[in-house]
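Enquirer:
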Ligand SMILES: [Fe+2]
Ligand SMILES: [Fe+2]
C-alpha cells in the first residue's frame, strides 16, 4: 500500500467529518423525532475529532508551517481560521440545544436551521481546503516538509486518542452509519438506465464475473465490440467462455484474487490495426471480501500516439 502523505492525512479527516455532517443533517431533518443520543455522539465527534484534533493540526502545525515557508499571510489562511471559529460557535450552540432538549423534552425551533447553516459552512470550508488551499500550499512545501508535518499530525492524534485516531473514528462513523442509515449511496438516486449508459459511454469494454466465476454482465450490449460477446455467456462460468489455451491463465488470476494475492492483472496484444490493453481488477467489499472480477478491454493505440499536452478543448 502507498504510504500516507500529510495531505492524505488531512483529506481523510475531512472525509470522516463530511460523513458525520451528513448524518447530523439527517437527524436535524427529523425535527422533534431526532435520535438524541446519536445527535450527541455526532456533535461530540465533530468537536473532538473535527475541531480539537483536525482543526488543531491545521491551526498549530499546518498553517504556521505554510507561513514560515512563505505562504502569503493575508488571504486564505485568515479566512480558514475565521471559519474554524464559526464552526466552534455553532457546535457549542447546537450542543446547548441538545442538552435543553434532554432536560425539557422540547427541541429549540432554531435547531434545524442552525444545523443547516453549520453544515453548509463546514462543507464549504472543507471544499475550499481540499480544492484550493491544500493545492496552493503544496507549492510551498517539499517532501521533507510533508514528512515533518505528517509526523506532527500523528503526534496530535496520539495525544488525544493514544493511537492514530483515524481507524477508531472510521469504525465509529461506519457503525453509526449502519445504525442510522447515513451512508450516502450516490448511485441509488440515479435511474438504472443512466448507470447503464454511463458504463456504456466509457471508451472501454467491461465484463464482470461474480465470486463464483459466473459471467454476469458486459457493457455495450448492442454495439460492435473488440471482443464479441453474446447473451449466451451470461450465467455461464468464465472458464466455459474462454479459449481453451488461455483458461489456465484465467484460473490462475481468479484464484490469486480470491486468495488475496493479487488485485489486478494486465496484458497487451496486437490485434489487427489495434493495440489492445486488457486488464482485470478484483472487486472487493469494504472489508476486502472478494466479490468478483472486472475485465476491461480497450484499444490504447490512440493514447500511445499522444505527445505534448492538450489543455484546450
Ligand atoms: Fe480547516
Ligand atoms: Fe480542514
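In the working numbering, the protein residues as written are 239 to 551.
Glycine included, each C-beta is placed from N, C-alpha and C at the ideal position.
Say yes only if the C-beta of residue 325 is nearer than 6 Å to one or more non-hydrogen atoms of ligand 2, and no if none qualify.
Expert: No, the Cβ of residue 325 stays beyond 6 Å of every heavy atom of ligand 2.
Enquirer: If you check the beta carbons only, do residue 488 and residue 479 fall under 7 Å apart?
Expert: Their beta carbons are not under 7 Å apart, which means residue 488 does not touch residue 479 by this criterion.
Enquirer: Specify the secondary structure class of residue 550 as computed by DSSP and reduced to three states.
Expert: coil
Enquirer: Can you look up residue 356 in the DSSP assignment and give me helix, strand or coil?
Expert: helix
Enquirer: Hey, is the stretch 363-373 in contact with the stretch 265-272, meaning 3+ C-beta pairs nearer than 8 Å?
Expert: no
Enquirer: Just the residues with CB closer than 7 Å to a heavy atom of ligand 1, in chain order, which are they?
Expert: In chain order, the qualifying residues are 293, 296, 318, 321, 322, 363, 367.
Enquirer: Does the beta-carbon distance from residue 244 to residue 388 come in below 7 Å?
Expert: yes
Enquirer: State yes or no: is the C-beta of residue 336 within less than 7 Å of the C-beta of residue 391?
Expert: no
Enquirer: Excluding the five sequence neighbours on either side, which residues of its own chain have a C-beta within less than 6 Å of the C-beta of residue 257, listed in chain order?
Expert: 411.
Enquirer: Tell me the start and end of each unbroken beta strand (DSSP E) in the stretch 386-455 that is at least 3 residues and wholly inside, in chain order.
Expert: 443-448
Enquirer: Tell me the rounded alpha-carbon separation between residue 455 and residue 498.
Expert: 23 Å
Enquirer: Taking 7 Å as the threshold (C-beta atoms), are residue 445 and residue 325 in contact?
Expert: no
Enquirer: Can you tell me whether residue 519 is helix, strand or coil according to DSSP?
Expert: strand
Enquirer: By how many angstroms is the C-alpha of residue 524 removed from the C-alpha of residue 301?
Expert: 33 Å
Enquirer: Apart from the five residues just before and just after residue 252, which ones in its own chain have a Cβ nearer than 8 Å to its Cβ?
Expert: 292, 364, 367, 368
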